[in-house]
Amino acid sequence: MIELHIVLVLMIIGAVVATEINDLLSSVIALGAVGFGLTLEFLLLRAPDLAITQLVVEILSVIILIRATIGTKICCDPIKTRAAYFVFAALFTGAFLAFSYRALAQLPAFGSPIMKMGAQYIQEAAAKTGAANIVSSVILDFRAYDTLGEATILFTSVIGVLAVLRLAGRNK
Amino acid sequence: MSIYILCLILFAVGLYCLLVKRNLIKKIVGLGIMEYAVNLFFILLGYRHNGQAPILDKEQAIVNMVDPLPQALILTSIVIGLGVMALMVAITVRLYEKYRTFDIGEIRRLKG
Amino acid sequence: MKEAGMSLIVKRITKITVSLIFLYGVYIVLHGHITPGGGFAGGVIIALSFIHLVLAFGKEAALKRLNETAVSAIESLGGLLFWGIALLGLLGGVFFLNILPKGRIFHLFSSGTIVLCNIAIFLKVGAGLFAIFIALAAMRMPAEKKEGKK
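As they're listed, the protein sequences go chains H, D and L. Each residue of the first sequence is one higher than the last, beginning at 0 in numbering that gives the first Met the number 0. Each residue of the second sequence is one higher than the last, beginning at 0 in numbering that gives the first Met the number 0. Each residue of the third sequence is one higher than the last, beginning at 0 in numbering that gives the first Met the number 0.
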């Protein structure tokens with residue numbers, strides 16, 4: 000699986016560019032590049048549903064972020080960070096990497112998942128739901144409660160956006 | 000195992016961006032990178048070697064299929080991530096309207 | 000007087016492509032139980048087709064076809080439809096039970112309530128994301144004008 004590694008290294012390079020570049024518009028576009036790399040990874044990992052969704056969601060999120068940055072005047076001047084922040088963040092990130100490396104030993108090896116519930120879903124999906132797409136039958140039939148919660152979260156965020164953008168406008 | 004480590008490095012880049020940068024748009028970008036890394040990690044956990052996509056076909060038998068459960072969980076998580084990002088962008092745009100800056104330290108100073 | 004939106008070339012191409020994108024979104028939603036896709040991806044594609052209209056023709060021309068009241072009504076309709084399907088399962092005894100006939104696998108009209116759930120999710124996601132976009136777009140316009148006057 001060398002192609003997975005190559006795409007993931009390219010994604011890390013894109014993430015570093017998005018972090019370090021000064022121009023905000025370039026940073027947002029680099030984030031879009033990372034998202035399209037993620038789409039390729041999903042295709043390589045045999046998840047076509049996720050690849051389609053990630054592709055269109057990435058386009059929409061790049062449009063929204065460009066919408067936020069494009070009218071602003073200060074898009075190109077960098078904001079200086081204090082040196083103490085660098086030390087603190089480097090220590091914290093290093094500690095995170097060290098602990099998570101210890102935790103990786105507990106996981107099953109790559110390529111041989113446990114699949115306690117997954118095997119059952121695969122066996123029963125065709126007979127119980129009649130849908131050929133097993134992911135679709137899991138999110139809308141076996142685990143529809145999750146999707147109901149997701150719909151609630153999306154509704155809350157839409158209401159939040161409308162409230163934040165409208166009410167303050169009327170007060171002016 | 001090495002692919003898990005690369006995925007963790009991607010998460011660490013996002014975490015570093017979130018901690019160090021004081022620009023609000025940069026913080027949103029860092030959170031986005033962290034979200035991508037977590038989504039990818041779930042799918043990596045469900046992959047099996049030479050696996051098939053979890054979609055039934057007329058001719059194929061059900062052999063060696065990848066785990067559909069993480070894919071179903073992440074499918075909803077991607078759309079939730081978009082909604083959360085839109086909410087963050089809305090708050091950021093509103094803060095820019097009021098203070099004319101993206102610098103989080105500047106905004107804190109102007110408050111008092 | 001300058002027209003709203005982008006140049007003539009963009010407008011002509013948009014008139015051709017927007018209907019194709021819309022059709023593709025509907026295809027993705029309706030075949031969500033047979034092929035990859037489903038309500039989430041299809042909803043975002045439909046929202047993108049309307050955003051395409053907003054970007055090419057300006058806000059007013061696009062909102063003439065689908066105004067904000069209609070968007071919020073469609074989103075609430077999607078949510079109510081999803082709850083209705085969930086409550087329909089109570090007739091069989093369990094919340095979210097798939098009580099409709101399953102049909103034959105690999106055909107368009109199969110798998111009971113999953114098709115209806117896909118349509119409900121599609122209405123909810125599509126209308127919700129389009130509402131977010133027009134809120135952001137409408138919000139930025141007066142601010143830019145004010146900056147120009149200074």
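Where a beta carbon is used, it is the ideal one built from N, C-alpha and C, also for glycine.
Of all the options the options, which has the alpha carbon lying nearest to the alpha carbon of residue i?
i: D/L39; options: D/V62, D/R93, D/L7; result: D/L7
i: H/A124; options: D/R93, D/I61, D/L72, D/R107; result: D/I61
i: L/G77; options: L/F39, L/V17, L/V9; result: L/F39
i: D/L86; options: D/I2, D/I27, D/L5, D/R21; result: D/I27
i: L/G4; options: L/I15, L/F21, L/E59, L/I44; result: L/E59
i: D/G50; options: H/V163, H/A104, H/L43; result: H/L43
i: L/L87; options: L/L115, L/G125, L/F132, L/V9; result: L/L115
i: L/I131; options: D/V83, D/R108, D/K97; result: D/V83
i: L/L99; options: L/F105, L/A134, L/T112; result: L/T112
i: D/E105; options: D/I4, D/R21, D/I2; result: D/R21
i: L/G83; options: L/F21, L/V70, L/F95; result: L/F95
i: H/A182; options: H/V27, H/D140, H/G110, H/L64; result: Outside the shown range of chain H, which is 0 to 171, sits residue 182 of chain H, and nothing can be said about it.
i: D/G45; options: D/R107, D/L72, D/G13, D/R93; result: D/L72
i: H/L9; options: H/L90, H/S99, H/A29, H/A46; result: H/A29
i: D/G13; options: D/I32, D/N63, D/M64; result: D/I32
Helix, strand or coil for residue i per DSSP?
i: D/M33; result: helix
i: D/I54; result: strand
i: H/G110; result: strand
i: H/R165; result: helix
i: L/N117; result: helix
i: D/N63; result: coil
i: H/N21; result: coil
i: D/R47; result: strand
i: H/N132; result: strand
i: L/T34; result: coil
i: L/S6; result: coil
i: H/R45; result: coil
i: D/I42; result: helix
i: L/K14; result: helix
i: L/K123; result: helix
i: L/M140; result: Note on L/M140: pLDDT 48, under 50, position unreliable in the model; the coordinate value appears next. Here L/M140 sits in helix by DSSP.
i: L/H106; result: coil
i: H/V6; result: helix
i: D/L7; result: helix
i: L/K148; result: With a pLDDT of only 39 at L/K148, under the threshold of 50, the placement of this residue in the model should not be trusted; the figure read from the coordinates follows. The answer is helix: DSSP assigns L/K148 an H, G or I state.
i: H/R101; result: helix
i: H/V160; result: helix
i: L/L96; result: coil
i: L/I50; result: helix
i: L/G173; result: Any property of residue 173 of chain L remains undetermined from this structure, which presents chain L solely from 0 to 149.
i: H/I69; result: coil
i: D/M87; result: helix
i: D/M0; result: coil
i: L/F132; result: helix
i: L/G57; result: coil
i: D/R107; result: helix
Report yes if the CB atom of residue i is closer than 8 Å to the CB atom of residue j, and no otherwise.
i: L/P35; j: H/I51; result: yes
i: L/G37; j: L/G24; result: no
i: L/G31; j: L/N117; result: yes
i: L/A151; j: H/R66; result: Any answer about residue 151 of chain L is impossible in this case: the structure gives chain L only from 0 up to 149.
i: H/A143; j: L/K123; result: no
i: L/S48; j: H/A130; result: no
i: D/T100; j: H/T146; result: no
i: D/A11; j: H/F95; result: yes
i: H/L59; j: D/L81; result: yes
i: L/A126; j: L/E74; result: yes
i: D/V19; j: H/A14; result: no
i: L/V17; j: L/I133; result: no
i: H/T18; j: D/C16; result: yes
i: H/L7; j: D/L5; result: yes
i: H/L103; j: D/Y3; result: yes
i: D/P53; j: H/I121; result: yes
i: L/A46; j: L/F129; result: yes
i: H/G93; j: H/E57; result: no
i: L/L29; j: L/L80; result: no
i: D/R47; j: D/V65; result: yes
i: H/I62; j: L/I50; result: yes
From the DSSP output, read off the bridge partner residues of residue i.
i: D/D102; result: D/N22
**Study point:** Members of the stretch 112–132 of chain H near chain L, C-beta cut-off 7 Å
**Key:** A125, T128, G129, A130, A131, N132
Practice item. Could you list the residues in the stretch 69–100 of chain D with a C-beta less than 9 Å from some C-beta on chain L, going in chain order? Key: L74, T75, I77, V78, L81, G82, A85, L86, V88, A89, V92, R93, Y95, E96
Practice item. Quick one: which residues of the stretch 135–146 of chain H get their C-beta closer than 8 Å to a C-beta of chain L? List them in chain order. Key: S135, S136, I138, L139, D140, A143, Y144, T146
**Study point:** Contacting positions in the stretch 47–63 of chain D - beta carbon closer than 8 Å to chain L
**Key:** A52, I54, L55, K57
Practice item. Give, in chain order, every residue of the stretch 42–53 of chain H whose Cβ lies closer than 8 Å to some Cβ of chain D. Key: L44, R45, A46, P47, D48, L49, T52, Q53
**Study point:** Cβ-based contacts, 8 Å cut-off: residues of the stretch 20–51 of chain D near chain H
**Key:** K20, R21, N22, I24, K25, I27, V28, G29, G31, I32, Y35, N38, L39, I42, L43, L44, G45, Y46, R47, H48, G50, Q51
Point to revise | Cβ-based contacts, 8 Å cut-off: residues of the stretch 109–130 of chain L near chain H | key: S109, S110, G111, T112, I113, C116, N117, I120, K123, V124, G127, L128, A130
Practice item. Could you list the residues in the stretch 37–70 of chain L with a C-beta less than 9 Å from some C-beta on chain D, going in chain order? Key: G37, F39, A40, G42, V43
Review point. Going along the stretch 0–24 of chain H in order, which residues come within less than 8 Å of chain D, judged by CB to CB distance?
Key: M0, L3, H4, L7, V8, M10, I11, A14, V15, A17, T18, L23
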